[in-house]
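**Q** In this note's numbering, the protein residues as written are 71 to 260. From the three backbone atoms N, C-alpha and C, an ideal C-beta is built for every residue, glycine too.
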Amino acid sequence: MQLNKIVEFHKALGDLTRIRIIALLQHGPLHGQAIAGKLGLKAPTITHHISKLRDVGLIKERREKNTIYFSLNTKILESSASAILSVGKGTTNEMIVSQEERADIINNFFTKEGKLKSLPAQRKKKLVVLAHMIKALEFGKVYPEKEVNEYLTRFHDDYATLRRELIMCQFMYRENNEYELNPEELWWLR
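1. Using CA coordinates, which residue listed in K196, R90, N252, R193 is at the minimum distance from S208?
2. Checking the sheet assignment: what are the DSSP bridge partners for Y243?
3. Just curious, the alpha helix (DSSP H) that R124 is in, first and last residue?
4. Could you pull out every residue in the same chain whose Cβ sits closer than 8 Å to the Cβ of E170, ignoring the five residues on either side in sequence?
5. In the structure shown, what three-state DSSP assignment does H80 receive?
6. By the three-class DSSP mapping on this structure, what secondary structure does I129 have?
7. Helix, strand or coil: how does DSSP classify V212 here?
8. Who does F140 pair with in a DSSP beta bridge?
9. Provide the residue span of the alpha helix (DSSP H) that contains H202, from first to last.
10. Taking DSSP as the reference, what is the three-state secondary structure of F179?
11. Count the other CB atoms, across all protein chains shown, that sit within 10 Å of the CB of N74; report buried if there are 16 or more and exposed otherwise.
What follows is the structure, encoded as structure tokens:
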């Protein structure tokens, strides 16, 4: 998760009314009028706060005829809330890899021309391989998907799998087919 996404999540929660809406939605879906009634607020106020929570992915909507029911996206809430705990932390002890071990992994999984022979099944080795592949990408630069695909093709023809692994292992962040490196603090391997 990008640092700015963590900030936006916490900004969205920086309002008492939004916290109260989240507390209400923990008990199940509600429509806007019900939320307004329970909180003693007007519908436009609820609409404003719901849109702020929706913007960070905390609220899901379901339409039944003319009524929109809002529910809490607990998966996003839990992952966003815990993301702050990973910022600035190093890797766990079992993930620490010596320079010598990294060199061995890179030599075993890459040809002399720099092509990836195969993606390692073992997690530690996979993370070393992925970290090696993104060394030439610039932090802070937004890459269109086509450019990421072309870059990854240098290593292996199955760029889609590599791209997916980079996202799943927190090396990169994707939004609207644009990719950006996450800060090293968010990587699962340093």
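**A** On the basis of the data shown:
1. The sequence given here has Glu at residue 208, not Ser. With distances taken between Cα atoms, E208 lies closest to N252.
2. E250
3. It spans 113 to 125 - the alpha helix (DSSP H) in which R124 sits, taken as one unbroken run.
4. none
5. helix
6. strand
7. If DSSP states are grouped into helix, strand and coil, V212 belongs with the strands.
8. DSSP output for F140 lists L100, E131 as bridge partner(s).
9. Unbroken alpha helix (DSSP H) run through H202: 193 to 203.
10. helix
11. exposed
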